[in-house]
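Start counting the sequence shown at 4; every next residue gets the next number (my numbering).
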Amino acid sequence: MRSPPAANQHSIDTKAINMEQRIEFTREMKRDYTILIPNMLPVHLKLIKSVFELHGYRMELLENEGPEVVEAGLKYVHNDTCYPALLCIGQFISALQSGKYDVHRTALIITQTGGGCRASNYIFLLRKALKKAGLGFVPVISLNPLGMEKNSGFRITLTLFLQAMMMILYADVLMCLKNQVEPYEDEAETCARLMESWAARLTEQFRRDPRLAALRFRANLGRIARDFDRVPHTPAEKIQVGIVGEIYVKYSQLANNHLERFLLSQGCEVHVPGLMGFLLNALDHNIDDVNLYGGSRLKKAGVQVVMRWADHIERVIARSIRDNCRLEPPAPYRVTRRKLGGVLGVGCKMGEGWLLTAEMCELIDSGVPNIVCVQPFGCLPNHIAGKGTIRALREKYPSANIVPIDYDPGATRVNQENRLKLMLSVAREKVGGAGLG
Ligand code: SF4
Numbered sequence: 004m005r006s007p008p009a010a011n012q013h014s015i016d017t018k019a020i021n022m023e024q025r026i027e028f029t030r031e032m033k034r035d036y037t038i039l040i041p042n043m044l045p046v047h048l049k050l051i052k053s054v055f056e057l058h059g060y061r062m063e064l065l066e067n068e069g070p071e072v073v074e075a076g077l078k079y080v081h082n083d084t085c086y087p088a089l090l091c092i093g094q095f096i097s098a099l100q101s102g103k104y105d106v107h108r109t110a111l112i113i114t115q116t117g118g119g120c121r122a123s124n125y126i127f128l129l130r131k132a133l134k135k136a137g138l139g140f141v142p143v144i145s146l147n148p149l150g151m152e153k154n155s156g157f158r159i160t161l162t163l164f165l166q167a168m169m170m171i172l173y174a175d176v177l178m179c180l181k182n183q184v185e186p187y188e189d190e191a192e193t194c195a196r197l198m199e200s201w202a203a204r205l206t207e208q209f210r211r212d213p214r215l216a217a218l219r220f221r222a223n224l225g226r227i228a229r230d231f232d233r234v235p236h237t238p239a240e241k242i243q244v245g246i247v248g249e250i251y252v253k254y255s256q257l258a259n260n261h262l263e264r265f266l267l268s269q270g271c272e273v274h275v276p277g278l279m280g281f282l283l284n285a286l287d288h289n290i291d292d293v294n295l296y297g298g299s300r301l302k303k304a305g306v307q308v309v310m311r312w313a314d315h316i317e318r319v320i321a322r323s324i325r326d327n328c329r330l331e332p333p334a335p336y337r338v339t340r341r342k343l344g345g346v347l348g349v350g351c352k353m354g355e356g357w358l359l360t361a362e363m364c365e366l367i368d369s370g371v372p373n374i375v376c377v378q379p380f381g382c383l384p385n386h387i388a389g390k391g392t393i394r395a396l397r398e399k400y401p402s403a404n405i406v407p408i409d410y411d412p413g414a415t416r417v418n419q420e421n422r423l424k425l426m427l428s429v430a431r432e433k434v435g436g437a438g439l440g
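Here it is in structure tokens:
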């Protein structure tokens with residue numbers, strides 16, 4: 004793995020670069036390059052970005068949307084590739100071509116899961132697309148938990164890792180509480196402003212003293228819970244709708260055509276499972292693998308220790324929220340796993356795998372029978388664990404009202420919204436709720 008040939012990174016001779024080499028993100032680049040982040044998880048990435056900035060990185064969360072993103076994706080990515088990859092890469096290239104950034108001082112960062120699905124390979128597709136677009140000199144950083152690619156200018160230290168994990172927990176809580184209050188708020192944007200103010204307060208705490216920030220975890224959770232509980236609101240009957248599916252399309256408004264906003268406009272209270280469950284699920288696979296196929300018992304024991312610790316943290320979160328407000332905490336991973344109840348085998352783990360099915364079970368059991376299952380084009384894992392299990396779920400839960408919605412470059416928003424409206428009208432009929440919405 005090699006660094007770019009030029010000593011001065013600002014005057015890179017793009018033609019001189021051997022395109023077969025990976026462009027390393029060097030220590031010098033850390034000083035004055037802006038790292039662009041794709042808008043995969045708007046709430047979580049905003050908080051994680053602030054942690055990276057505290058560690059000296061200059062980062063920007065991309066907000067560019069519109070047809071040019073899809074067009075760039077279609078132009079530079081093979082059209083057999085799954086829709087999230089196409090959008091992610093399209094968003095990067097469209098941003099780089101927009102003229103807003105000095106492309107010789109810009110780097111990109113993308114996750115590499117290390118699992119069996121294509122999310123491990125986005126990075127190679129991205130580098131290929133960059134070369135095709137004449138931007139092969141732009142460094143791409145792999146964000147992965149397994150040390151798959153190393154860059155001298157980008158290092159996840161233990162402090163940074165723990166702070167980022169804590170921000171993910173906060174983001175799950177903020178998202179969960181906001182979703183329960185926002186549909187009823189008296190003044191629009193109150194919850195959005197509260198989210199912003201907590202993001203700033205948490206970042207400031209980490210900046211002042213990271214150790215103190217960790218000690219304040221419980222107290223912060225209590226304050227967040229009370230703040231959301233105090234938002235002036237008017238009770239009303241709303242349709243309870245859960246959103247599950249492929250992780251990128253589930254969270255990214257770019258990918259799901261502002262699904263949450265649309266559901267809110269239709270008189271719904273939206274429930275979106277958190278990110279921590281997805282991360283714990285990836286860890287938990289190590290235990291299931293040993294149980295199913297054999298392997299290192301030592302590794303299994305190590306993962307079990309981490310899982311027990313994570314379970315303890317989730318219990319702390321649940322208690323802190325329940326003790327301080329009337330709102331519900333995010334569903335703990337251990338509870339969601341239990342809800343699967345044999346609908347799908349735990350060996351089904353590509354993409355979201357069985358977790359997607361378990362999340363639907365958990366939502367239905369907790370009083371959210373209406374579910375939108377977002378299905379991106381080209382995603383076999385989620386078609387199996389999502390669409391493929393709907394029949395079994397309907398047999399298990401006759402009240403379930405699940406609609407799979409396809410997302411691809413050709414799918415129109417009108418079509419998607421019409422299908423959603425159909426699902427909502429079934430929901431209204433089921434509760435006989437003429438007054439709903
Ligand atoms: S889960 Fe599906 S959409 Fe996501 S990277 Fe894997 S194949 Fe693509």
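C-beta: ideal position from N, C-alpha, C; glycine also. All of these numbers come straight from a predicted model, not from anything done at the bench.
Contact test: residue i Cβ vs the ligand SF4 heavy atom, cutoff 7 Å
{"i": "Arg-226", "result": "no"}
{"i": "Pro-276", "result": "no"}
{"i": "Asn-82", "result": "no"}
{"i": "Gly-2", "result": "What the structure shows of the chain is the stretch from 4 to 440, and residue 2 is not part of that stretch, so it cannot be assessed."}
{"i": "Cys-351", "result": "no"}
{"i": "Pro-87", "result": "yes"}
{"i": "Tyr-410", "result": "no"}
{"i": "Asn-385", "result": "yes"}
{"i": "Pro-379", "result": "yes"}
Residue-chain proximity (residue i, chain C), Cβ-Cβ < 8 Å
{"i": "Asn-404", "result": "The displayed structure is made up of one protein chain only, and chain C is not part of it."}
Burial state of residue i (16 or more Cβ within 10 Å)
{"i": "Ser-323", "result": "buried"}
{"i": "Trp-201", "result": "buried"}
{"i": "Arg-130", "result": "buried"}
{"i": "Met-151", "result": "exposed"}
{"i": "Lys-33", "result": "buried"}
{"i": "Arg-229", "result": "exposed"}
{"i": "Asn-404", "result": "buried"}
{"i": "Pro-451", "result": "Since the displayed the chain opens at 4 and closes at 440, residue 451 lies outside it and no answer follows."}
{"i": "His-81", "result": "exposed"}
{"i": "Val-273", "result": "buried"}
{"i": "Asn-21", "result": "With a pLDDT of 42 at Asn-21, under the threshold of 50, the modelled position of this residue cannot be trusted; read the value that follows with caution. The residue is exposed, with fewer than 16 neighbouring Cβ atoms inside 10 Å."}
Pairwise C-alpha distance: residue j and residue i
{"i": "Val-176", "j": "Ile-408", "result": "26 Å"}
{"i": "Ser-6", "j": "Lys-153", "result": "Here Ser-6 scores only 39 on pLDDT, less than 50, and its place in the model should not be relied on; the value that follows carries that caveat. The alpha-carbon atoms of Ser-6 and Lys-153 are separated by roughly 11 Å."}
{"i": "Glu-432", "j": "Arg-311", "result": "43 Å"}
{"i": "Ala-136", "j": "Tyr-36", "result": "20 Å"}
{"i": "Leu-383", "j": "Thr-237", "result": "43 Å"}
{"i": "Leu-267", "j": "Glu-188", "result": "12 Å"}
{"i": "Leu-218", "j": "Pro-401", "result": "45 Å"}
{"i": "Arg-264", "j": "Gln-183", "result": "14 Å"}
{"i": "Phe-55", "j": "Gly-356", "result": "30 Å"}
{"i": "Asn-421", "j": "Leu-427", "result": "10 Å"}
{"i": "Asn-147", "j": "Val-434", "result": "45 Å"}
{"i": "Asp-411", "j": "Val-375", "result": "16 Å"}
{"i": "Tyr-79", "j": "Tyr-336", "result": "38 Å"}
{"i": "Ile-393", "j": "Ile-367", "result": "12 Å"}
{"i": "Ala-321", "j": "Asp-83", "result": "42 Å"}
Cβ-based neighbour list, residue i, same chain, cut-off 6 Å, excluding 5 preceding and 5 following
{"i": "Glu-68", "result": "Leu-257"}
{"i": "Gln-12", "result": "With a pLDDT of 40 at Gln-12, under the threshold of 50, the modelled position of this residue cannot be trusted; read the value that follows with caution. Once the five neighbours on either side are set aside, the close Cβ partners of Gln-12 are Glu-31, Met-32."}
{"i": "Met-43", "result": "Tyr-251, Ser-255"}
{"i": "Met-169", "result": "none"}
{"i": "Ile-51", "result": "Ala-167, Met-170"}
{"i": "Ser-53", "result": "Thr-206"}
Neighbourhood of residue i by C-beta, 7 Å cutoff - its chain only, sequence neighbours within 5 removed
{"i": "Thr-162", "result": "Pro-213"}
Cβ neighbours of residue i in the same chain (closer than 8 Å, five flanking residues each side left out)
{"i": "Arg-221", "result": "Val-319, Ser-323"}
{"i": "Leu-77", "result": "Leu-89, Gly-93, Pro-412"}
Checklist line | Contact between the region 337-354 and the region 280-297 (3+ Cβ pairs under 8 Å) | finding: yes
Checklist line | Segment contact flag, the region 75-91 with the region 101-108, C-beta cutoff 8 Å, min 3 pairs | finding: no
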